[in-house]
Every structure is written in structure tokens, then in C-alpha cells.
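Using the working numbering, the first residue of the sequence shown is number 7, and each one after it goes up by one.
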Amino acid sequence: MSTQKLLIAFDGSPNAQSAIDAAADLFPGSEAIVFYARQPVEAFAAHLQGHPLIEELKGLDAAALDSSEQVAAEGARRARDRGLDATPMVASSLSTASEAIIDAAEEHDATLIVLGSRGLRGVTATLLGSTSTNVLHHATRPTLVIPSDAVAAARRESRRA
């Protein structure tokens, strides 16, 4: 049995699914926290403080938390199906996803942070930000970024062009 403790960032996307699959192949039997970072809905509506709409947002946020827990559970199920000893975890934070991932890795003493890559480049990556790039540049723990098959194929094709 491996002594690796993985923190796998998971948002339900095909890229995150590929990251789980690759981590299971590379580190069979490892302990894994399948981590979903979410921002509370109220964080987007700070300017509404005191407004009656904030109560409606709290209900929406509770539903979003339920959905987030389902996403994390789906990822943990996928990881267990592939032989990892996986536990789902959701964090609600006003910080960015990359900050939440780094903080969770520290808090849980992860041996390795694993995340997928969406393959954003150029202006799109600049405008939307890149969670994987931010984690790579700011993490204090080893980090593995895994491109999905589709992202890897697109990168190969762009190099040939």
C-alpha cells in the first residue's frame, strides 16, 4: 500500500476526471482527498448587504453547496472505482480556487497536489486566470498538472501546425 497522500482538485470537468484517472494509474492504492473549492454565492453579492435579496441568495447558496458536495462525492466515487482510498471534501472560501487548493494541501499535509489542465492559453488564460498555473507558482508542495486526452491532442496538433 502506498504512503502517498494526494489532494486531487476536482470540479467535475472531463479534465478533472482525467486527473483522477492518471493519479490512480500513477499512485495506485494511495490515500486521496478529492477536493472541490467553491465560493459562496454571497461573495458575489457583497454590495447587497442589508438588501432583502440577500436572504434569497442564502437559499441559493445552500442549494449550490448541496451540488458542490455531489460533485466532490462523484469525484471520490470515481477515484475509489480506480483503486484510490478517496474521501470527498468541499471548501467554501472567499479566496480563489488556487488559494483554497494550496491551503487544503497544507492543512491535510498532502504529499502531492494533483489537478487537471483546461488548456487555456493566451488572452483567455490571462482574462480567466489559470488555476493550475497559480497552484504551480504558489504551492509549497509538489504539484502534478495532468492534461486530459483532448487537451493533450490539441496541444500536439498546435505544435504540428
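Using N, Cα and C, we set each Cβ at its ideal position, and we do this for glycine too.
Cα-Cα separation, residue i to residue j
i	j	result
Ala-106	Ala-158	26 Å
Arg-147	Arg-166	34 Å
Thr-156	Gly-122	The sequence as given places Ala at residue 156; Thr does not occur at that position. Whole-angstrom Cα-Cα distance: 12 Å.
Ser-164	Arg-44	32 Å
Ala-116	Ala-160	31 Å
Arg-140	Ile-119	A small fix is needed here, since residue 140 is Asn in this sequence, not Arg. The straight-line gap from Cα to Cα measures roughly 12 Å.
Leu-133	Arg-124	Reliability fails at Leu-133, whose pLDDT of 40 lies under 50, so the model's placement of it is uncertain and the value that follows must be treated cautiously. Looking at the two C-alpha atoms, the distance is approximately 14 Å.
Candidates the options: closest to residue i by CA position
i	options	result
Ala-85	Ala-111, Gly-18 and Ala-145	Gly-18
Ala-92	Ala-145, Tyr-42, Glu-37 and Asn-21	Glu-37
His-144	Ala-79, Phe-16, Thr-102 and Ser-154	Thr-102
Asp-31	Ala-79, Phe-41 and Gln-10	Gln-10
Arg-88	Ala-15, Asp-109, Ala-25 and Ser-154	Ala-25
Ser-136	Ser-104, Glu-75, Ser-98 and Val-40	Ser-104
Legend entry - Start-end ranges of the alpha helix (DSSP H) lying completely within the stretch 7–47, minimum 4 residues: 20–32
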